[in-house]
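Data first, discussion second: the structure below is written as structure tokens.
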Amino acid sequence: MKESNYIRKYLTVFFFLLFPVIKISAEINKITEVFSTRNGQELKMDIYRSASSGVNPCIIHVFGGGFKEGARDQNYFSSYLKYFANAGFTVISIDYRLGMKSVDAKGLKFVKALRQAIGFAVEDIYSATDYIIQNASELQIDTTRIILSGSSAGAVSVLHADYEHCNNFDGDTILSDNFKFAGIISFAGAILSNKGVPSYKKSPSPTLFFHGTQDRLVNYNKIQWFNLGLFGSKSITAQFRKYKYPYQFYSIENSGHEVAVNPMESRREEILYFIQHLIFEKKPWMLDVYFNDINQKPSLMMSARDFYESKGSANQKK
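Residues 178 to 495 in my numbering are what the sequence shown spells out, letter by letter.
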């Protein structure tokens, strides 16, 4: 254990020496703004920023909860937000409409409801992004370096936001065709498609994927019925590799849906590595990392059916 802690501390020092763009500050300021009103619901964003001045790259974080629960200010990811604010990013955690909150449906009706819920979340991500672009001068944000980060349902949402923008889906009328997210960070995400394995008309943003190989809530590979399917990280990265889109994929072996949360604490240096090399330096890299802790057992093996039929919180079970 002492050796493991030493290696982690060494890597932290190494990464911060390697990345001169990363700034260190002890004081984090937080403000809350309303960025949109949808169906009478105010949507807010919490903006975290270090006390240092200057124009910063931006990370927009989208929380998880199966589109039926969760909040932008939950404790389990607050240290993740503050860590990256402390590292020189303006970090923004956003609300979005929870389209599955009162849904009680099965089969194709469930799929239709889920697709609508994803659509709500994507619209709200676009609205938040547009608000940031329109107020970039006041917020001191570099609009060429806006990164999306999402956990579970949030990861589904950020992957969809990039996928739909690259494919000019109906409804994407807020963001300019010339705009492109600088990068995507997905903690156990997937894309719901009725056109088979997702493909891109325009190159997707460099994407960092984390996924547990035993995930039963958001499938690691895919669940497919003819052209309809939920395509997880393994399936999406196969397309990235086929068409030579830059990506970094951490397959966490012998892990379940806890990978929607754990890397936000344990893989921060790897996230910085991805941001520095694949986003800031635009390296055309395709990296696959298979990680297996032989002493680790899956800790969140709830299936999608169990989750949507339960009245408890998946976050509590994490």
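Glycine included, each C-beta is placed from N, C-alpha and C at the ideal position.
Note that the coordinates shown come from a computational prediction; the quantities given were computed from them, not determined experimentally.
Sorted by chain position, which residues of the same chain lie with C-beta nearer than 6 angstroms to PHE244's C-beta, five sequence neighbours on each side aside?
LEU275, GLY276, MET277, ALA294, ALA330
Excluding sequence positions up to five away, which residues of its chain have a Cβ less than 6 angstroms from the Cβ of THR384?
ILE361, TYR424
Just checking, does the stretch 343 to 352 make contact with the stretch 413 to 421 on the three C-beta pairs under 8 angstroms criterion?
no
By how many angstroms is the C-alpha of GLU246 removed from the C-alpha of TYR273?
11 angstroms
Going by DSSP in three states, ASP223 sits in which element: helix, strand or coil?
strand
What does the Cβ neighbour count give for TYR467, buried or exposed, with the cut at 16 atoms within 10 Å?
exposed
Between ASN344, SER304, ALA359, PHE297, which has its C-alpha nearest LEU325's C-alpha?
ALA359
Which residue from VAL232, ASP223, THR267, ALA290 puts its Cα closest to that of GLN251?
ASP223
Excluding the five sequence neighbours on either side, which residues of its own chain have a C-beta within less than 7 angstroms of the C-beta of GLN311, listed in chain order?
none
Separation of TRP462 from SER227, as counted between CA atoms:
31 angstroms
Candidates ALA282, ALA367, LEU477, ALA262: which alpha carbon is nearest ARG579's?
This structure cannot settle anything about residue 579, because the visible part of the chain is limited to 178 through 495.
Relative to the C-alpha of ASN216, which residue among PHE297, TYR427, ASN345 is closest?
PHE297
Considering only the beta carbon of each residue, do ILE205 and ILE237 sit closer than 8 angstroms?
no
Once DSSP output is grouped into helix, strand and coil, what is the label at ASN263?
helix
Coil, strand or helix - ASP171 by DSSP
Look at the range of the chain in this structure, 178 to 495, and you will see that residue 171 is not part of it.
Output needed for SER181: all residues of its chain with C-beta closer than 8 angstroms, excluding positions within five of it in sequence on either side, in chain order.
In this predicted model, SER181 has a pLDDT of only 42, less than 50, meaning its place in the structure is not dependable enough to derive any value.
Please report how far the alpha carbon of ASN344 lies from the alpha carbon of ASP354, in whole angstroms.
10 angstroms
To the nearest angstrom, how far is it from the Cα of GLU430 to the Cα of VAL288?
28 angstroms
Once you ignore the five residues that flank PHE451 on each side, which residues in its own chain have a CB closer than 8 angstroms to its CB?
GLY360, ILE362, PRO383, LEU385, GLN425
First and last residue of the uninterrupted alpha helix (DSSP H) at THR414
410 to 419
Going straight from the alpha carbon of PHE266 to that of TYR260, what length do you get?
9 angstroms
Near GLY389, what residues of its chain come up, given a Cβ to Cβ distance below 6 angstroms and the 5 sequence neighbours on each side ignored?
ILE429, SER432, GLY433, VAL436
Relative to the alpha-carbon of THR320, which residue among SER304, VAL232, PHE212 has its alpha-carbon at the smallest distance?
VAL232
I'd like the list of long-range same chain contacts for ALA282, defined as Cβ closer than 6 angstroms, with 5 residues on each side in sequence excluded.
ALA290
Apart from the five residues on each side of it in sequence, which residues of its chain come closer than 7 angstroms, Cβ to Cβ, to ILE400?
GLY406, LEU407
Every unbroken beta strand (DSSP E) within the stretch 315 to 347, with a cutoff of 3 residues, ordered by chain:
318 to 328
Quick check on the DSSP output: the alpha helix (DSSP H) that includes PRO234 runs from which residue to which?
Note, PRO234: premise wrong, no alpha helix (DSSP H); beta strand (DSSP E) at 233 to 239.
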